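Novice:
Residue numbers (this note's numbering), protein chains in the order written: chain S, 1 to 408; chain W, 1 to 408.
1) DSSP beta-bridge partners for residue 214/W?
2) Taking its Cβ as the centre, do 16 or more other Cβ atoms sit within 10 Å of residue 346/S, making it buried, or is it exposed?
3) In whole angstroms, what is the alpha-carbon distance linking residue 331/W and residue 207/W?
4) In whole angstroms, what separates the C-alpha of residue 168/S from that of residue 138/S?
5) Taking the continuous beta strand (DSSP E) assigned at residue 262/W, which residues delimit it?
6) Checking 9 Å against the spacing of the C-beta atoms, do residue 33/S and residue 263/W come in under that value?
7) Output yes if chain S places a C-beta closer than 9 Å to the C-beta of residue 285/W; else output no.
8) Helix or strand or just coil, what does DSSP make of residue 335/W?
9) Name the residue from 36/S, 405/S and 106/S whose alpha carbon lies nearest to the alpha carbon of residue 51/S.
10) Can you grab the Cα-Cα spacing for the pair residue 249/W / residue 8/W, in whole Å?
11) For a cutoff of 9 Å on Cβ pairs, would you count residue 94/S as touching chain W?
12) Does the segment 353-368 of chain W come close enough to the segment 127-143 of chain W that 3 or more CB-CB pairs lie under 8 Å?
13) Excluding sequence positions up to five away, which residues of its chain have a Cβ less than 8 Å from the Cβ of residue 158/S?
14) What does the Cβ neighbour count give for residue 115/W, buried or exposed, with the cut at 16 atoms within 10 Å?
15) Tell me where the alpha helix (DSSP H) around residue 66/W begins and ends.
16) Identify the contact partners of residue 276/S in chain W, using a Cβ-Cβ distance below 7 Å as the criterion.
17) Can you name the residues of chain S whose CB is closer than 7 Å to the CB of residue 253/W?
18) Residue 130/S versus chain W: which residues are under 8 Å apart at the beta carbon?
19) Does the segment 368-388 of chain W come into contact with the segment 218-232 of chain S, if we say contact requires no fewer than three beta-carbon pairs (one atom in each stretch) closer than 8 Å?
20) On the DSSP bridge assignment, give the partners of residue 186/W in chain order.
21) Using a C-beta cutoff of 9 Å, does residue 213/W count as contacting chain S?
22) Under 9 Å between C-beta atoms, does residue 25/S make it to chain W?
23) Does the pairing of the segment 115-128 of chain S with the segment 81-90 of chain S give three or more beta-carbon distances under 8 Å?
24) Does the beta-carbon distance from residue 19/S to residue 121/S come in below 9 Å?
25) Which residues in chain S sit within 9 Å of residue 29/W, going by Cβ to Cβ distance?
26) Per DSSP, what are the beta-bridge partners of residue 357/W in this structure?
27) Any C-beta of chain W sitting closer than 9 Å to the C-beta of residue 126/S?
28) Cβ-heavy atom distance between residue 182/W and the ligand PLP below 8 Å?
29) Which chain S residues sit within Cβ distance under 9 Å of residue 57/W?
30) If you follow the beta strand (DSSP E) that residue 207/W is part of, which residue opens it and which one closes it?
31) Measuring only between beta-carbons, confirm whether residue 326/S sits less than 9 Å from chain W.
32) Using the Cβ count rule (16 or more neighbours within 10 Å means buried), how would you classify residue 1/W?
33) Could you confirm whether any beta carbon from chain S is found closer than 9 Å to the beta carbon of residue 337/W?
34) On the three-pair Cβ rule with 8 Å, is the segment 182-200 of chain W touching the segment 265-283 of chain W?
35) So, with DSSP's three-state summary, where would you put residue 72/S?
36) State whether the segment 291-310 of chain W contacts the segment 247-261 of chain W, with contact taken as three or more CB pairs (one from each stretch) at a distance under 8 Å.
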């Protein structure tokens, strides 16, 4: 049996051209959501979609869809991901899934293939959540889990609002969010972890997405002179923040398994060598594939924080930035990935996703699934993020195979 | 016996007028060294000095001196402090000592008094060290412990250099640093700690200044995805920084006595909720009145950092920002403070200074001492820093008494 195959060279060239946008001096990319770099990327994507004859629509939260018509007027098969990055991001996180989808559609064009169902290529707004919380903002609005008004009002780390920034870059589109109803959704993505590389496998069939709990803690202590304030009279916000960060690590170690915990942001005020910090702001990121364990981790941390705050005479305010329960993809979607991989002679295994993705939001409204390809060194959210060309090509071929199977 | 007394109302009015410069919206002051606010303060001080008939000179590091002539051509008695503040500073730290000196000289003028020795009022550059390290930069250059070239080359937290900023604000003066040789030096200052208030005393006779060790640690780990990177494969700079901050507290608690330890600055890169920090920069401030104990504390911390870095697979570079051994003031200078206080009916006790001061640098070149007045709540380096008017007046009267005694 022969298959339609994607054009690997063309996919790599598109990735290279696109990644000139927001390129960082030392490698990697910065295309924070709704920034000028994000706008440039959106413009290029729309241009490329139109070159392939796709019908482009932009909805009110800035999600971009390119529709390839099918033989029948049915709900489309949807594939896609996102083009925004974290502040010091890599070349593939998000972008690969979008451009591999584009490549799959161009390959169908090249083959003169007509599918029964239409196929929609999606690029969702603000998947990373680095500038605006929660992450996966665009897909959350798409599935109706977050209202447009609430989304517009969200303020970013720089104080700008989602609504203002969407209008500023010209991507507050006319389409109603959720207007396009997907028959099914597949998202191709780099693994962002070390498992496939360790085991020498090409394809990951993603069973589900870890539950995620993001919170921001604001610690109010009392600033004072670092030399003349005896230790017993201190209410040191920096010390309290440090103890909390150490506790996050301790919880992750003690729980083991898929539990992870990270303090990625920590800011002190006034932030001077000889002044006891009067205020600290920090984030905590906890994830587990098991919801009761994730709740345990949250409770353990909350208890520790409350006891520590009482002991040190500081106040701690905790604000939830995002909370998602683990998502389990339908068994048929997971096994379909392995079947298509096998049909193309590619090795695979099942594994969970440690990272959040638009696919977990799409799972609320249609059968959804994900395909992973290996990340060298497990690196992601890192300028040295890398996946070898052979694996990029393999993943795109599996995506094409899944489109053909679902849309036929 | 009657004494010449200072004019308390005039002193308070001068403090109020001066503190309009760099006033923060919620109270307190920001006059970082060599900033525009510092320049405005310098301009006002020079104006006031000239109004009293003092001979004003500015040296090449920006130290300002106002000289009141004596009956004989002898080395002057010097009093003074500094007018710069930390980023969120109070109204009295530094400024009080300078304006109380000015008030003492005006009171001598009012009384038509002639002293045998001249009296010099000094305002030293960058005492706080918040913008440029090391602290007490102006007095260090004055006593010859730091060359002018080395001082000019120092870069601040905003990247600007001392030399450029001195020239920019017009205070790279013509006088040679150290040209004025003091017969003796007294510095009046708020305590910045809670001891005098706790014991209901008016005056502190400062026995010496705690030794100080400031270092900056740069931790290089590896950034990565906060969800997909297993705990065992992390090289998390934020976690390492947090463990170090907790260790600083542990050392201070275990040593007890006058040992203090503070992490006042801690910055993470990239500083995002869902990215493991690849780099952390932090400062450590350790102080003790006992030099061998201070060295023990430094060694304990260095050992902990080395073991932690090896265990977590990160590199840690440690750079000394400042290091001063404890300073013990001459017994005659300490007892003179208590004698003058007693003669004016003021209660006093001896105590060490937990903070660094220009007086500890001046102690290298002439008999030096300090007078403390109580800080309400022990607060300093804090916008709520406060000393009651009665105590401000008492301290200025002791300063005047010491000038009369040393200059007669």
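Don't be surprised by glycine CBs; every beta carbon is placed ideally from N, CA and C.
These numbers come from a predicted model, not from an experiment.
Specialist: Looking at the coordinates:
1) The residue you call residue 214/W lines up with position 214 of the second chain. BP columns for residue 214/W point to 285/W and 322/W.
2) The residue you call residue 346/S lines up with position 346 of the first chain. So residue 346/S counts as buried.
3) Residue mapping note: residue 331/W aligns to position 331 of the second chain, counting from 1. Residue mapping note: residue 207/W aligns to position 207 of the second chain, counting from 1. When rounded, the distance between both Cα atoms is 8 Å.
4) Mapped onto the first chain, residue 168/S falls at position 168. Mapped onto the first chain, residue 138/S falls at position 138. One C-alpha to the other measures close to 17 Å.
5) Walking along the second chain from the start, residue 262/W turns up at place 262. Counting along the chain, the beta strand (DSSP E) containing residue 262/W begins and ends at 260-262.
6) Counting from one through the first chain, the residue named residue 33/S turns up at place 33. Counting from one through the second chain, the residue named residue 263/W turns up at place 263. Result no, Cβ atoms of residue 33/S and residue 263/W do not sit closer than 9 Å.
7) By one-based count along the second chain, residue 285/W stands at place 285. Yes, residue 285/W lies at the interface with chain S (some Cβ there is under 9 Å from its Cβ).
8) Position 335 of the second chain holds residue 335/W. Helix, per DSSP.
9) As a position in the first chain, residue 51/S is number 51, starting the count at 1. Nearest C-alpha to residue 51/S: 106/S.
10) As a first step, residue 249/W is located in the second chain; it is residue number 249 there, counting from the start. As a first step, residue 8/W is located in the second chain; it is residue number 8 there, counting from the start. Using only the alpha carbons, I get a separation of about 41 Å.
11) Position 94 of the first chain, counting from 1, holds the residue named residue 94/S. So, not an interface residue.
12) yes
13) In the first chain, residue 158/S corresponds to position 158, counting from 1. For residue 158/S, where only same-chain residues beyond five positions count, the Cβ hits under 8 Å are 131.
14) To locate residue 115/W, count along the second chain from 1; it is residue 115. Flag for residue 115/W reads buried.
15) In the second chain, counting from the first residue as 1, residue 66/W sits at position 66. Element bounds for residue 66/W: not the alpha helix (DSSP H) but the beta strand (DSSP E), 64-68.
16) Position 276 of the first chain, counted from the start, is the residue given in the question as residue 276/S. Correct list: 262 and 264.
17) Position 253 of the second chain, counting from 1, holds the residue named residue 253/W. The contacting residues are 231.
18) If you number the first chain from 1, residue 130/S lands on position 130. Residues of chain W passing the Cβ test: 272, 273, 274 and 275.
19) yes
20) Translated into the one-based positions of the second chain, residue 186/W becomes position 186. In DSSP, residue 186/W forms a bridge with 79/W and 369/W.
21) The residue labelled residue 213/W in the question sits at position 213 within the second chain. Not an interface residue.
22) The residue given as residue 25/S occupies position 25 in the first chain. Not closer than 9 Å to any Cβ of chain W, the Cβ of residue 25/S fails to qualify, so no.
23) yes
24) On the first chain, position 19 is the one that residue 19/S refers to. On the first chain, position 121 is the one that residue 121/S refers to. Cβ distance not < 9 Å, so residue 19/S and residue 121/S don't count as in contact.
25) Walking along the second chain from the start, residue 29/W turns up at place 29. The contacting residues do not exist; residue 29/W stays about 12 Å from chain S at best.
26) Translated into positions along the second chain, residue 357/W becomes position 357. Bridge partners of residue 357/W: none, in fact.
27) For the purposes of this step, residue 126/S is taken as the residue at position 126 of the first chain. Not one chain W Cβ lies under 9 Å of residue 126/S.
28) Although the ligand PLP was asked about, the structure shown includes no ligands whatsoever.
29) Indexing the second chain from 1 puts residue 57/W at position 57. Correct list: empty, because the minimum Cβ distance to chain S is about 29 Å.
30) In the second chain, the residue the question calls residue 207/W occupies position 207. Per DSSP, residue 207/W belongs to the beta strand (DSSP E) from 203-209.
31) Locating residue 326/S in the first chain gives position 326, where the first residue counts as 1. No, because no Cβ of chain W sits closer than 9 Å to the Cβ of residue 326/S.
32) In the second chain, the residue the question calls residue 1/W occupies position 1. The predicted position of residue 1/W is uncertain, since its pLDDT is 47 and thus under 50; a value taken from the coordinates is nonetheless stated next. It counts as exposed.
33) Here residue 337/W corresponds to residue number 337 of the second chain, with the count starting at 1. It does not: the Cβ of residue 337/W has no partner Cβ on chain S nearer than 9 Å.
34) no
35) As a first step, residue 72/S must be located in the first chain, where it is residue number 72. The answer is coil: DSSP assigns residue 72/S none of H, G, I, E or B.
36) yes
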